[in-house]
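Student:
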Amino acid sequence: MEGDNPKPQDQGQFGPRTIGCLAIYRLGKNRALVVSNHEAVKECFPKNDRGFATRPRSTQGKYLGYNYAAFGFSPYGPYWRDMRKMVVVELLSSRRLETLKHVHSSEVDAFVKGLHALCNREGHNGPCPTNVAISDWIEHLTLNVMIRMIAGKRFFDIGREGGEGEEQNIGKMVKGVYGCWEPSCC
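The sequence shown begins at 597 in my numbering and counts up by one.
#1: Tell me the DSSP secondary structure of Val728 in three-state form.
#2: For Tyr664, count neighbouring Cβ atoms within 10 angstroms of its own Cβ and tell me buried if that reaches 16, exposed if not.
#3: May I ask which residues mark the beginning and end of the alpha helix (DSSP H) holding Val708?
#4: I think Glu694 touches Leu737, with their Cβ atoms under 8 Å apart; what is that distance to the nearest whole Å?
#5: Tell me whether Thr614 sits in a helix, a strand or coil according to DSSP, three-state version.
#6: If we ignore side chains and look at the alpha-carbon of each, how far apart do Arg646 and Asn626 end up?
#7: Thinking just about the alpha-carbon of each residue, which of Ile734, Lys658 and Glu639 is nearest to the one in His700?
#8: Return the first residue and the last residue of the beta strand (DSSP E) that Arg627 is part of.
#9: Tell me the rounded alpha-carbon separation between Tyr672 and Leu696.
#10: Going by other Cβ atoms of all chains shown within 10 Å of its Cβ, with 16 needed for buried, is Arg744 buried or exposed?
#11: Helix, strand or coil for Tyr659, going by three-state DSSP, please let me know.
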């Protein structure tokens, strides 16, 4: 019976601690506060906005973020505020996004054409059914849009046979910078 066995979140050790509209979750060694009421959010942010903007220090931030210099890893402070201003003004401005709109539309076109070609491939007995891992395709689409906006080249060339486009070149570059991350390389 369901009523006989308490749920883990009711036991207090696994689930969140709730106080009204506030819930505290334990995410590994860090705690996260979830505020589920609009009025409580208005009360929290003006007083504690710096505390909410600060990120916990991590090994990834130290090594992958060049000792917390990368925007996504840096803690709240003057450096983070300056980086945020630069990102908003230079990278995410309306003018900049308008100049790069063609990249997004051409990548979506290539995505749809590649998916259509894959689904309409002819086997020796006519059209053959195809299983498609759409999550991989969407991952490739997202990465292609980002890499083309940054470097001007495609990472995955989905429609092309016999190669993976810039995937091999960029993969070599990443391995050169960070080393091999696969256990088989060790």
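Heads up, the beta-carbon is just placed ideally off N, CA and C, and yes, glycines get one too.
Tutor: The structure says:
#1: Judged by DSSP in its simplified three-state form, Val728 adopts coil rather than helix or strand.
#2: buried
#3: Lys697 to Cys715
#4: The pair is not a contact, with the Cβ atoms about 21 Å apart (cut-off 8 Å).
#5: strand
#6: 17 Å
#7: Ile734
#8: Asn626 to Val631
#9: 29 Å
#10: buried
#11: helix
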